[in-house]
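K.L.:
First the structure, which I've put down as structure tokens, then a few questions once you've had a look.
Here it is, written out as structure tokens:
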């Protein structure tokens with residue numbers, strides 16, 4: 034977060050790629066996915082997103098489950114600032130319900146009161162649904 038640029042629109046467009054060229058294609062699903070799982074809550078709490086990419090990613094796209102947007106020829110983690118449109122990535126059914134609740138709360142803190150934020154409607158609705166029906170949110 035202290036890397037330049039630190040302010041203005043350029044700061045929001047900043048991304049950091051942690052390239053892992055020594056991780057084999059065979060080890061990538063375990064190593065990259067587990068690292069992502071362990072770090073995601075900390076990053077989201079800080080207003081950041083962390084993405085996992087590797088040659089064997091089976092994660093489907095939001096709108097097309099057959100599309101594999103997280104496949105990359107080289108294993109890597111991508112880090113960037115959270116944006117309003119990240120809400121679907123913070124409420125994925127493959128994340129445990131307690132984690133999703135934490136992610137949605139962090140999203141709410143990040144965007145509460147923001148002029149163009151969808152938090153007031155969609156984020157709060159998703160959080161309420163999980164709290165009311167945690168078993169159906171699986």
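In this note's numbering, the protein residues as written are 34 to 171. Glycine included, each C-beta is placed from N, C-alpha and C at the ideal position. The structure presented is a predicted model; accordingly, all values stated were derived computationally and were not measured.
(1) Scan the stretch 120 to 147 and note each continuous alpha helix (DSSP H) run of 4 residues or more that stays entirely inside, going in chain order.
(2) Start and end of the beta strand (DSSP E) containing residue 51?
(3) Mark residue 118 as exposed unless 16 or more other C-beta atoms lie within 10 angstroms of its C-beta, in which case mark it buried.
(4) If contacts are defined as beta-carbon pairs under 8 Å, then residue 74 and residue 132 qualify, I think. What distance do you get, rounded to the angstrom?
(5) Taking 9 Å as the cut-off, decide whether the C-beta atoms of residue 113 and residue 49 are in contact.
(6) Beta-carbon within less than 6 Å of residue 77's beta-carbon, same chain only, minus the 5 sequence neighbours each way: which residues are those?
(7) Can you list, in chain order, the residues of its chain with a C-beta nearer than 8 Å to that of residue 134? Leave out the 5 residues immediately preceding and following it.
(8) Counting only the same chain and skipping the five closest in sequence on each side, list residues whose C-beta sits under 6 Å from that of residue 94.
(9) For residue 82, which residues does DSSP report across the bridge?
(10) What residues match up with residue 104 in a beta bridge as DSSP calls it?
P.N.:
According to the structure data:
(1) Here the runs fully enclosed are 120 to 123, 130 to 144.
(2) 48 to 52
(3) exposed
(4) 6 Å
(5) yes
(6) If we look at residue 77 and ignore the five residues flanking it on each side, its Cβ neighbours are 136, 139.
(7) Leaving aside the five residues that flank residue 134 on each side, the residues in its chain whose CB is nearer than 8 Å to its CB run, in chain order, 160, 163, 164.
(8) The residues 100, 102, in chain order, have a CB closer than 6 Å to that of residue 94 in the same chain once the five nearest residues on each side in sequence are set aside.
(9) 113
(10) 87
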